[in-house]
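Chemist:
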Amino acid sequence: MKKRWICLFVENEIGTLARIAGLFSGKSYNLDSLTVGETEDRTISRMTISLTSDDMTFEQVKKQLNRAVEVIKVVDYTDIPIYIREVLFIKVFHCNEADKVELFRIAEVFGLTIADYDKNTILLECTHSEAKNNDVIKLLDKFFCNRLEIVRSGGVAIESISLTS
Amino acid sequence: MDIKGTELFVKALKAEGVDILFGYPGGMAIDLFDALYGEQEIEVVLPRHEQALVHAADGYARSTGKVGVCLVTSGPGATNLVTGIATANYDSVPLVCFTGQVATNLIGNDAFQEVDIVGITRSICKYAVTVRDRKELGEIIKKAFYIARTGKPGPVLVDIPKDIQQAYGDGEYPEHISIRGYKPNSNVHAGQINRVMEVLKSAAKPVMLIGGGVNISGAGKELTRFAEITGIPVITTIMGKGAIPTEHPRYVGNIGMHGNYASNQAISECDVLLSIGTRFNDRITGRISEFARNATIIHIDIDSASISKNIKVDIPVVADAKSALKMMLNSAEELKISEWVALIGEWNKDNPIHMDNYKGLTPEKIIKKINQMFQNSIVTTDVGQNQLWTTQYLELDGNKQLITSGGLGTMGYGFPSAIGAKLGNPDKAVICITGDGGFQMNLQELATAVALELPVIICILNNSYLGNVRQWQEMFFDRRYSSTCLRYRKRCNRDCQNKEKACPKYSPDFIRLAESYDAKGIRVEKEEDMEGAFRAALENRDTPTVIEFMIEQEANVLPIVPAGKALNEMIMEG
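Those sequence lines, one after another, are chains S and A.
So for the first sequence, our numbering puts the first residue at 1; every next one is plus one.
So for the second sequence, our numbering puts the first residue at 1001; every next one is plus one.
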């Protein structure tokens, strides 16, 4: 079992997301995250999909995706240089002054932004790779256990320039 | 000039060469039916249930090679298509199914007879789409036919809301279409074919495993020629049966759960397996770890997703079966495999499939009688024992075709598909071999066959049971016949040991049933009455004939490879 990344170009049409998501659920493929958005061509949407699977299943996933009429192109991002980012928001509740100082320090060290805050609550924004975001969550959980609200976006990925040019 | 959506619909059907349409009207399809009224070029057939309607279109498509076209209304009309669409999808049958839909401004409002049919069918068809703009109607219909009939064929669903049907717009129907996400493969990789031929050259015990893809591709002649030149024995799946004549010396038999001994043994022992157009379904492979375990496996298939899905393949070739076989014929030569061929021949001679342990009227005798009496024919089957016996005993050659629901295994398929086949092939005898269970799932189509004066011959192998499940219950569930007796009455006790048996003689009386529809009904209880019944059916040219064969109630389909066992662990007698 291994973590994989797929970049998927699809028709920007009603039902395409359901088609792709349905393929994963219908065939029992394990889907870790899926993000989707319009591209420079408005008729095309681009998905970044991450999943964990063995080699044989992953081959099937790619073939099955390719088979769908709505899919224009499947690119395997697993073993090529890519830039990948996931947006993570973390709200920390019940902060006293010492907590706030600690959070500002953590933000500085880990490259988080303070997106918003009031008397007792701080909202952190963290745009990193999925793995680094996991580390940030682990760290904050140590300090502020049961005081966190977390939302994360799933990764978006693009090939590094050396590869595209 | 602007025309109505319904007019463009009819224009599109004509441009696609549609001469027959299977339709069932309703509120959201009434405009489309109105546009078809009085059309000379398109015959509209009205089956009595939408499930039977798709199966009929499916039988028409399989027997003619053309696209089967369905038109039904929204809601229940559309949902009744589901089983038939899944059936066609599994066996790669080209269909275009049009469904009426509530007007676009009502979609999502839980309107009367509204259902998200595109959402429901998305995973069981090749492509499904709702037309949301009158401007797109022509292009979408063009796309639907193109997708259905090219590459690995399959069903496509086009959902047309009522306001789109009624709206005026462009009257042009496109001649060509290009879909950026859909480019069927038409090439054959010469390098891979060379590798295939090299491996075959050094093989000592090669066999071919032929699936339905070869029949769909119409590659029977090429396959037969290839087998004749190389001498490689040919084994088929149920869907591949008939790709090479069953009486051909190179033909071994069917593989799989109810395949014959020689085929299953040969697959288990071969050193090179050349498989074409099969997806290695579990009914074919038995326990996968034991399947052709010592063989180099070559797999030619038009669908790359079928390759290395269930069986790990050594040499993959993504190609249409006919194109690949044509290329292979260029360098085919005789292989030195006479000992292997002789061994398979001995296996076959020593282990024939037979029903000698049952007395009187057996399915073997009935099907062999059909072999003898019908030369230019199409045989459709239902699903269950009737189907399995047919695939074991039916002889096929270029003039005979077998139509069966192989992948999905849909009960109720046999009779309506025979109606479709007969409509597409009025000059051929069309015989449906079915069971008393499966026939009752779509028997209302007697009305359709009578109305259209279709002399389809329906052979009901009546054993008063859901026979295939009963057989499993007998063999693997200690004879606990749970919900499989079709003559059950409330006053029977559960274990069927009631001394004063409550079972009725007939349940139902199929002869009276046939007659109530103005069809002909013949009951056959003795072997010697078979021929007379078939003769009477042949003479009855204006209505269908139901021949009810009263067969041994607890006859089994043998041999059998129990589920989860390896192919060479088959049970020969039981």
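Note that the Cβ used here is the ideal one computed from N, Cα and C, for glycine as well.
Whole-angstrom Cβ separation of Ile-1210 of chain A and Gly-1240 of chain A, contact assumed at under 8 Å?
Modeler: The residue given as residue 1210 of chain A occupies position 210 in the second sequence. The residue given as residue 1240 of chain A occupies position 240 in the second sequence. So it is a contact: roughly 4 Å between Cβ atoms.
Chemist: Consider the Cβ of Ile-72 of chain S: report whether some Cβ of chain A lies at a distance smaller than 8 Å.
Modeler: The sequence position of residue 72 of chain S within the first sequence is 72, counting from 1. Yes, its Cβ sits closer than 8 Å to a Cβ of chain A.
Chemist: State yes or no: is the beta carbon of Met-1 of chain S nearer than 8 Å to at least one beta carbon in chain A?
Modeler: Residue 1 of chain S sits at position 1 when you count from the first residue of the first sequence. No, Met-1 of chain S lies away from the interface with chain A (no Cβ there is under 8 Å from its Cβ).
Chemist: How about Val-1158 of chain A and Phe-1098 of chain A: are their beta carbons less than 8 Å apart?
Modeler: For the purposes of this step, residue 1158 of chain A is taken as the residue at position 158 of the second sequence. For the purposes of this step, residue 1098 of chain A is taken as the residue at position 98 of the second sequence. Yes. Within cutoff.
Chemist: Contact criterion: CB-CB distance below 8 Å. Does Met-47 of chain S meet it with respect to chain A?
Modeler: By one-based count along the first sequence, residue 47 of chain S stands at place 47. Not an interface residue.
Chemist: Restricting to Cα atoms, I'd like to know which of A:Ser-1464, A:Glu-1222, A:Lys-1369 is closest to Ala-1533 of chain A.
Modeler: Here residue 1533 of chain A corresponds to residue number 533 of the second sequence, with the count starting at 1. Comparing Cα-Cα distances from Ala-1533 of chain A to each of A:Ser-1464, A:Glu-1222, A:Lys-1369, the minimum goes to A:Lys-1369.
Chemist: What is the DSSP secondary structure of Pro-1206 of chain A, reduced to helix, strand or coil?
Modeler: Taking the second sequence and counting its residues from 1, one reaches residue 1206 of chain A at position 206. Looking at Pro-1206 of chain A - three-state DSSP - the assignment turns out to be strand.
Chemist: Indicate whether at least one CB of chain S lies closer than 8 Å to the CB of Ser-1304 of chain A.
Modeler: What you label residue 1304 of chain A is simply residue 304 of the second sequence in a count that begins at 1. True, the Cβ-Cβ gap to chain S drops below 8 Å.
Chemist: Under three-state DSSP, which class holds Asp-1163 of chain A?
Modeler: Start at 1 with the first residue of the second sequence, and residue 1163 of chain A comes out as number 163. In this structure, Asp-1163 of chain A counts as helix in the three-state DSSP scheme.
Chemist: Just confirm the distance between the C-beta atoms of Ala-1078 of chain A and Gly-1068 of chain A, as a whole number of angstroms; I'd bet it's less than 8 Å.
Modeler: Within the second sequence, residue 1078 of chain A is the residue found at index 78, counting from 1. Within the second sequence, residue 1068 of chain A is the residue found at index 68, counting from 1. Their Cβ separation, rounded to whole angstroms, is 16 Å, which puts Ala-1078 of chain A and Gly-1068 of chain A out of contact at 8 Å.
Chemist: Quick check on DSSP: helix, strand or coil for Ser-1507 of chain A?
Modeler: Residue numbering aside, residue 1507 of chain A sits at position 507 when the second sequence is read from its first letter. It is coil, neither helix nor strand.
Chemist: What runs of the beta strand (DSSP E), each 3 residues or longer, lie entirely inside the segment 1117 to 1204 of chain A?
Modeler: With a minimum length of 3 residues, the continuous beta strand (DSSP E) runs that stay inside the segment 1117 to 1204 of chain A are 1127 to 1130, 1155 to 1161.
Chemist: Please report the residue range of the beta strand (DSSP E) in which Gln-1040 of chain A lies.
Modeler: By 1-based counting over the second sequence, the position of residue 1040 of chain A is 40. No beta strand (DSSP E) holds Gln-1040 of chain A; DSSP gives it neither H nor E.
Chemist: Could you tell me which chain S residues have their CB closer than 7 Å to the CB of Ile-1147 of chain A, listed as they occur along the chain?
Modeler: As a first step, residue 1147 of chain A must be located in the second sequence, where it is residue number 147. Near Ile-1147 of chain A (Cβ distances below 7 Å), the residues of chain S are Val-69.
Chemist: Determine contact between the segment 108 to 120 of chain S and the segment 75 to 95 of chain S, defined as no fewer than three beta-carbon pairs at a distance below 8 Å.
Modeler: The segment 108 to 120 of chain S is in contact with the segment 75 to 95 of chain S.
Chemist: Relative to the C-alpha of Glu-38 of chain S, which residue among S:Leu-51, S:Gly-15, S:Arg-152, S:Val-10 is closest?
Modeler: Start at 1 with the first residue of the first sequence, and residue 38 of chain S comes out as number 38. Nearest option by C-alpha distance: S:Val-10.
Chemist: Considering just the uninterrupted stretch of the alpha helix (DSSP H) at Met-1475 of chain A, what are its terminal residues?
Modeler: In the second sequence, residue 1475 of chain A corresponds to position 475, counting from 1. Unbroken alpha helix (DSSP H) run through Met-1475 of chain A: 1467 to 1476.
Chemist: When the Cβ atoms of the segment 1142 to 1159 of chain A are set against those of the segment 135 to 149 of chain S, are three or more pairs found closer than 8 Å?
Modeler: The answer is no - the segment 135 to 149 of chain S does not touch the segment 1142 to 1159 of chain A, with fewer than three Cβ pairs under 8 Å.
Chemist: Asp-1271 of chain A lies in the alpha helix (DSSP H); which residues open and close that run?
Modeler: Taking the first residue of the second sequence as position 1, residue 1271 of chain A is located at position 271. Per DSSP, Asp-1271 of chain A belongs to no alpha helix (DSSP H) and is neither H nor E.
Chemist: In angstroms with no decimal places, state the Cα-to-Cα distance between Asp-1031 of chain A and Gln-1113 of chain A.
Modeler: To locate residue 1031 of chain A, count along the second sequence from 1; it is residue 31. To locate residue 1113 of chain A, count along the second sequence from 1; it is residue 113. Taking the straight line joining both Cα atoms gives about 16 Å.
Chemist: Are the CB atoms of Glu-1548 of chain A and Ile-1511 of chain A within a distance shorter than 8 Å?
Modeler: In the second sequence, residue 1511 of chain A corresponds to position 511, counting from 1. In the second sequence, residue 1548 of chain A corresponds to position 548, counting from 1. Yes; because the gap between Cβ atoms is below 8 Å, this pair is in contact.
Chemist: I'd like to know if Arg-1122 of chain A contacts chain S, where contact means its C-beta is closer than 8 Å to some C-beta of that chain.
Modeler: The residue labelled residue 1122 of chain A in the question sits at position 122 within the second sequence. Yes, because at least one Cβ of chain S sits closer than 8 Å to the Cβ of Arg-1122 of chain A.
Chemist: Check the Cβ-Cβ distances between Lys-1309 of chain A and every residue of chain S, and say whether any is below 8 Å.
Modeler: On the second sequence, position 309 is the one that residue 1309 of chain A refers to. With 8 Å as the cut-off, Lys-1309 of chain A counts as an interface residue toward chain S.
Chemist: Any beta-carbon of chain S closer than 8 Å to the one on Ile-1179 of chain A?
Modeler: Start at 1 with the first residue of the second sequence, and residue 1179 of chain A comes out as number 179. Yes, contact with chain S.
Chemist: For Lys-63 of chain S, return the contacting residues in chain A, with the cut-off set at a CB-CB distance below 7 Å.
Modeler: Reading the first sequence from its first residue, position 63 is the one you call residue 63 of chain S. Per Cβ cutoff of 7 Å: Ser-1304, Ala-1305.
Chemist: What's the C-alpha gap between Gly-26 of chain S and Ile-1232 of chain A?
Modeler: The residue you call residue 26 of chain S lines up with position 26 of the first sequence. The residue you call residue 1232 of chain A lines up with position 232 of the second sequence. Going from the Cα of Gly-26 of chain S to the Cα of Ile-1232 of chain A covers about 39 Å.
Chemist: Hey, does Gly-1119 of chain A have any beta-carbon neighbour from chain S nearer than 8 Å?
Modeler: For this step, residue 1119 of chain A is matched to residue 119 along the second sequence. Yes, Gly-1119 of chain A lies at the interface with chain S (some Cβ there is under 8 Å from its Cβ).
Chemist: Please report the Cβ distance between Gly-155 of chain S and Thr-35 of chain S, rounded to the nearest whole angstrom; I am assuming they are in contact, meaning their Cβ atoms lie under 8 Å.
Modeler: The sequence position of residue 155 of chain S within the first sequence is 155, counting from 1. The sequence position of residue 35 of chain S within the first sequence is 35, counting from 1. Contact holds; Cβ gap of about 7 Å.
Chemist: Confirm, please, whether the CB-CB distance from Ile-1367 of chain A to Thr-1381 of chain A is below 8 Å.
Modeler: In the second sequence, the residue the question calls residue 1381 of chain A occupies position 381. In the second sequence, the residue the question calls residue 1367 of chain A occupies position 367. Not closer than 8 Å, so no.
Chemist: So, with DSSP's three-state summary, where would you put Asp-1303 of chain A?
Modeler: To locate residue 1303 of chain A, count along the second sequence from 1; it is residue 303. The answer is coil: DSSP assigns Asp-1303 of chain A none of H, G, I, E or B.
Chemist: How close, in whole Å, do the beta carbons of Asp-1529 of chain A and Pro-1455 of chain A come, if the pair is a contact with beta carbons under 8 Å?
Modeler: Within the second sequence, numbered from 1, the residue matching residue 1529 of chain A stands at position 529. Within the second sequence, numbered from 1, the residue matching residue 1455 of chain A stands at position 455. Not confirmed; about 20 Å, so no contact.
Chemist: Indicate whether at least one CB of chain S lies closer than 8 Å to the CB of Tyr-1090 of chain A.
Modeler: Within the second sequence, residue 1090 of chain A is the residue found at index 90, counting from 1. No, because no Cβ of chain S sits closer than 8 Å to the Cβ of Tyr-1090 of chain A.
Chemist: Does Glu-149 of chain S come within less than 8 Å of chain A when only Cβ atoms are used?
Modeler: To locate residue 149 of chain S, count along the first sequence from 1; it is residue 149. No - not a single Cβ of chain A is within 8 Å of the one on Glu-149 of chain S.
Chemist: I'd like to know whether the C-beta atoms of Val-1383 of chain A and Gly-1438 of chain A end up nearer to each other than 8 Å.
Modeler: Taking the second sequence and counting its residues from 1, the one referred to as residue 1383 of chain A is at position 383. Taking the second sequence and counting its residues from 1, the one referred to as residue 1438 of chain A is at position 438. Yes; because the gap between Cβ atoms is below 8 Å, this pair is in contact.
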